[in-house]
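S.K.: In the numbering used here, the protein residues as written are 4 to 167.
We put the CB at the ideal spot given by N, CA and C, even for glycine.
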Ligand SMILES: [Zn+2]
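1. Using only the alpha-carbon positions, how far apart do residue 150 and residue 115 sit?
2. DSSP three-state label for residue 82, please.
3. Put residue 32 into one of helix, strand or coil per three-state DSSP.
4. Under 8 angstroms: do the region 78-95 and the region 23-40 share three or more Cβ pairs, one atom per stretch?
5. Is it the case that the Cβ atoms of residue 26 and residue 55 are separated by a distance below 9 angstroms?
6. Per the contact definition of three or more C-beta pairs closer than 8 angstroms, is the region 44-54 in contact with the region 4-22?
7. Could you spell out where the alpha helix (DSSP H) holding residue 72 opens and where it closes?
8. Output needed for residue 113: all residues of its chain with C-beta closer than 7 angstroms, excluding positions within five of it in sequence on either side, in chain order.
9. Rounding to the nearest angstrom, what Cα-Cα distance links residue 154 and residue 110 in this structure?
10. In this structure, does DSSP put residue 65 in helix, strand or coil?
11. Label residue 79 either buried or exposed according to how many other C-beta atoms from any shown protein chain fall within 10 Å of its C-beta, with 16 as the threshold for buried.
12. In terms of residues, what are the limits of the beta strand (DSSP E) holding residue 93?
13. Measure the alpha-carbon distance for residue 146 versus residue 118 and round it to whole angstroms.
14. When you get a sec, list the residues whose CB is within less than 6 angstroms of any heavy atom of ligand 1, chain order please.
15. For residue 72, count neighbouring C-beta atoms within 10 Å of its own C-beta (all shown protein chains included) and say buried if the count is 16 or more, exposed if not.
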């Protein structure tokens, strides 16, 4: 199952690409900034996590995904690397993954010209550079077609998981 630490890291990665969490009970969206502070999570991130935990993650989900944070914290779910973009994604342990990676609606992702989002490091400058570069990329037309999760992708991913 996904631990709270894994889910927090999952969120931190997607926050770096500008994807907010949608909070339960119509409390709006949450996109902490900065995400990290002095090699750990920022107060802004912790506040956001607290907002999520008000409902134990029920009804809260990363924008573009369908499973709630509460669902991700159940034993039936795990976090693995997306077959397309290597970002962390939530996957059901049993059965086929019918939930697309949150990258599916990011036209500028994956992009090999910008650094991958990363775990907490004490590099504020790196993050602002990344955001600047993503903004530049966003002004250009998309280089890649929209992500569509097809059965073939899932099979490749499954075999990759067995090998590793
Ligand atoms: Zn992806």
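M.R.: According to the data block:
1. In the chain shown, residue 150 corresponds to position 147, counting from 1. In the chain shown, residue 115 corresponds to position 112, counting from 1. Because residue 150 sits at a pLDDT of 46, beneath the cut-off of 50, its placement in the model cannot be relied upon, and the point is left open.
2. On the chain shown, residue 82 is found 79 positions in, with the first residue counted as 1. Residue state, collapsed to three classes: strand.
3. Position 29 of the chain shown, counted from the first residue, corresponds to residue 32. Three-state DSSP puts residue 32 in a strand.
4. no
5. Residue numbering aside, residue 26 sits at position 23 when the chain shown is read from its first letter. Residue numbering aside, residue 55 sits at position 52 when the chain shown is read from its first letter. Against a cut-off of 9 angstroms, the Cβ pair of residue 55 and residue 26 comes out as a contact.
6. yes
7. On the chain shown, position 69 is the one that residue 72 refers to. In the DSSP annotation of this structure, the continuous segment of the alpha helix (DSSP H) that includes residue 72 starts and ends at 72-75.
8. Numbered from its first residue, the chain shown carries residue 113 at position 110. 87, 88, 106, listed in sequence order.
9. Position 151 of the chain shown, counted from the first residue, corresponds to residue 154. Position 107 of the chain shown, counted from the first residue, corresponds to residue 110. Note on residue 154: pLDDT 44, under 50, position unreliable in the model; no value is reported.
10. Here residue 65 corresponds to residue number 62 of the chain shown, with the count starting at 1. Strand at residue 65.
11. Mapped onto the chain shown, residue 79 falls at position 76. Residue 79 comes out exposed.
12. Within the chain shown, residue 93 is the residue found at index 90, counting from 1. 91-95 is the span of the beta strand (DSSP E), which, as asked, contains residue 93.
13. Along the chain shown, read from residue 1 onward, the residue named residue 146 stands at position 143. Along the chain shown, read from residue 1 onward, the residue named residue 118 stands at position 115. Here residue 146 scores only 48 on pLDDT, less than 50, and its place in the model is too uncertain to base an answer on.
14. 85, 87, 88, 90, 104, 106
15. The residue labelled residue 72 in the question sits at position 69 within the chain shown. Residue 72 comes out buried.
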